[in-house]
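Reviewing the structure listed below.
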């Protein structure tokens with residue numbers, strides 16, 4: 015997530031609790047929310063305020079986002095692993111980390127993962143194909 019996305023999350027929160035959104039607040043929240051997807055964080059704000067009226071903190075956002083990410087990972091019933099093309103490139107650890115993140119964020123869907131495996135693509139190629147579609 016970019017810093018302007020974090021500002022968007024805080025502006026949405028502000029519409030519920032009238033908090034002050036300024037640069038120090040945006041930077042503080044960005045330290046925590048940066049690895050996560052904007053849409054997941056915005057959805058977390060809506061979900062939180064549909065149940066609670068208390069002051070929201072980043073941990074409340076992350077609770078929801080982590081649930082959403084776990085649900086996405088659970089959609090891969092047989093797990094996920096790099097292709098032979100990625101293994102031969104010699105950066106297996108980095109690709110595994112990026113693959114896990116792409117699955118968690120929804121950037122790589124089960125259908126796109128199947129295509130990645132069937133066509134023995136690199137992860138970069140698979141994610142590029144997802145972006146094109």
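Residue numbers (the working numbering): 15 to 147. Even for Gly, the Cβ is constructed at its ideal location relative to N, Cα and C.
Asked, Found
"Cβ-Cβ distance between residue 110 and residue 95 below 9 Å", "yes"
"Local conformation of residue 39 per DSSP, three classes", "helix"
"CA nearest to the CA of residue 84, picked from 98, 54, 23 and 16", "54"
"CB of residue 46 within 9 Å of CB of residue 35, strictly", "no"
"Those runs of the alpha helix (DSSP H) which lie wholly inside the segment 110 to 144 and span at least 4 residues", "124 to 132"
"Rounded C-alpha distance that separates residue 72 from residue 116", "22 Å"
"Integer Cβ distance of residue 44 from residue 17, believed to fall under 8 Å", "5 Å"
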